[in-house]
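Mapping of the sequence shown onto full-length UniProt numbering: residues 1 to 255, in sequence order. Backbone N, C-alpha and C fix where the C-beta goes; we use that ideal spot for every residue, glycine too. Please read the structure below before turning to the comments.
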Amino acid sequence: MTDVQLGMPQLPAPDYPAEVRARLEADAEEVIARYPDSRSALLPLLHLVQSEEGHVTRTGVRFCAEVLGLTTAEVTAVATFYTMYRRKPSGDYQVGVCTNTLCAVMGGDAIFEALQRHLGVGNGETTEDGKITLEHIECNAACDYAPVVMVNWEFFDNQTVDSAERMVDDLRAGRTVEPTRGAPLCTFKETARILAGFPDARPGAVEASGSAGPASLVGLRLAKGEAAPGRVVSPRSADFPPDEQASGRVAEEGE
1 MTDVQLGMPQ LPAPDYPAEV RARLEADAEE VIARYPDSRS ALLPLLHLVQ SEEGHVTRTG
61 VRFCAEVLGL TTAEVTAVAT FYTMYRRKPS GDYQVGVCTN TLCAVMGGDA IFEALQRHLG
121 VGNGETTEDG KITLEHIECN AACDYAPVVM VNWEFFDNQT VDSAERMVDD LRAGRTVEPT
181 RGAPLCTFKE TARILAGFPD ARPGAVEASG SAGPASLVGL RLAKGEAAPG RVVSPRSADF
241 PPDEQASGRV AEEGE
């Protein structure tokens with residue numbers, strides 16, 4: 001009789017080599033100590049195991065479950081919910097093109113389509129040299145600078161097809177690429193370790209600013225009382241008498 005292969009994975013997942021396991025356990029102990037409830041450390045621990053292999057493997061899921069006292073189903077549910085956790089091997093540089101509404105109409109869709117052709121990969125796929133994983137991403141609160149491309153979560157603002165193609169070519173060639181704002185680039189694995197909460201050793205990383213632009217921060221400044229928010233009226237309200245403006249009533253055209 002021929003055995004039927006159903007494609008089921010090995011159960012349980014294989015463990016890390018002993019030396020890797022010991023190193024990750026030491027790191028995990030440091031992360032878990034930051035939280036009053038150990039299970040709260042799951043998100044940074046997923047980044048930690050992602051920093052080991054470049055994506056969250058079944059071995060990584062098993063490790064998180066064992067050190068936190070969770071089931072692998074619970075860990076998998078979280079790892080598959082958040083898009084920052086990769087579930088298959090990825091490149092050294094995650095190139096994400098924002099294709100939400102504003103970036104899309106400002107050129108994001110065109111950039112994404114051009115990069116797919118230029119790199120010869122589709123969404124979520126990696127170039128043969130293992131350098132670039134291309135994906136379209138959701139809004140990253142950088143609408144002031146649309147269209148935006150992110151590389152390992154660092155901002156490349158006001159991009160064009162030409163600038164985006166030049167950027168990925170430089171990354172593949174090993175040339176220095178500087179984000180528009182924020183810290184210098186590092187590899188995806190190094191980024192994952194930083195997101196796990198370990199020190200960012202990149203020169204100038206602490207001082208670097210990747211904050212939102214002035215237009216995006218208006219509401220925050222008003223909430224902090226940095227400016228007196230006037231009554232929101234039509235831009236044409238200056239055309240109407242002061243008594244109508246003071247009452248909050250702006251006459252409709254033709255009244």
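Helix, strand or coil, according to DSSP, for Leu185 in the structure here? Leu185: coil per DSSP, three-state reduction.
In whole angstroms, give me the CA-to-CA distance for Phe63 and Asp162. Those two C-alpha atoms are separated by around 43 angstroms.
Between Glu190 and the ligand GDP, is there a pair consisting of the residue's CB and a ligand heavy atom that are separated by less than 8 angstroms? Among the components modelled here there is no ligand, and therefore nothing to report on the ligand GDP.
Rounded C-alpha distance that separates Ala173 from Thr133: Taking the Cα positions, Ala173 is about 15 angstroms away from Thr133.
Span of the beta strand (DSSP E) holding Thr133? Ile132 to Ile137 is the extent of the beta strand (DSSP E) around Thr133.
If we count Cβ pairs, one from each stretch, closer than 8 angstroms, do we get three or more for the segment 49-57 versus the segment 77-90? Short answer: they touch.
Beta-carbon spacing of Val218, Met167 below 9 angstroms: Contact check for Val218 against Met167 fails: the beta carbons are separated by 9 angstroms or more.
In this structure, does DSSP put Gly219 in helix, strand or coil? Of the three classes helix, strand and coil, the one that applies to Gly219 here is helix, per DSSP.
With three or more C-beta pairs closer than 8 angstroms as the rule, is the segment 74-82 touching the segment 117-133? Verdict: no, contact absent.
Whose CA, out of Pro214, Ala212, Pro184 and Arg221, lies closest to the CA of Ala205? It is Pro184 whose Cα lies nearest to the Cα of Ala205.
Are the CB atoms of Ala223 and Cys143 within a distance shorter than 9 angstroms? For Cys143 and Ala223, no; Cβs fall outside 9 angstroms.
Residue from Glu125, Ala192 and Glu128 with nearest C-alpha to Leu45: Each of Glu125, Ala192 and Glu128 was checked against the Cα of Leu45, and the nearest Cα belongs to Ala192.
Ala28 to Ala110, Cα distance in whole Å? Going by the C-alpha atoms only, they are around 42 angstroms apart.
State the beta-bridge partners of Thr126 as determined by DSSP. Beta-bridge pairing links Thr126 to Thr133.
On the three-state DSSP scale, how would you describe Tyr145? When secondary structure is reduced to three states using DSSP, Tyr145 falls in the helix class.
Under the rule that 16 or more other beta-carbon atoms within 10 Å means buried, what is Ser234, buried or exposed? Because Ser234 carries a pLDDT of 48, less than 50, the predicted location of this residue cannot be relied on, and no value is offered for it.
Do Tyr35 and Ala26 count as a contact pair if the criterion is CB distance below 9 angstroms? No, Cβ-Cβ distance for Ala26 and Tyr35 is not below 9 angstroms.
If we call anything under 9 angstroms between Cβ atoms a contact, is Asn100 one with Glu138? Contact flag set, yes.
CA-CA distance, Pro147 and Ala114? Across the structure, Pro147 and Ala114 are spaced so that their CA atoms are roughly 14 angstroms apart.
Helix, strand or coil at Gly54 [DSSP, three-state]: Looking at Gly54 - three-state DSSP - the assignment turns out to be coil, as it is neither helix nor strand.
Please check if any C-beta of chain C sits within less than 9 angstroms of the C-beta of Arg172. In the displayed structure, chain C is absent; only one protein chain is listed.
Alpha carbon of Leu195 to alpha carbon of Leu70, nearest angstrom: Taking the straight line joining both Cα atoms gives about 21 angstroms.
Own chain residues within Cβ distance below 8 angstroms of Leu43, not counting five before or after: Closer than 8 angstroms at Cβ, skipping near neighbours: Val78 and Tyr82.
Taking DSSP as the reference, what is the three-state secondary structure of Gln84? Note that residue 84 is Met in the sequence shown, not Gln. Correct three-state label for Met84: coil.
Does Pro14 pass the burial test, meaning 16 or more other C-beta atoms within 10 Å, or should it be called exposed? Residue burial is scored here from C-beta neighbours: Pro14 has fewer than 16 other C-beta atoms within 10 angstroms and is therefore classed as exposed.
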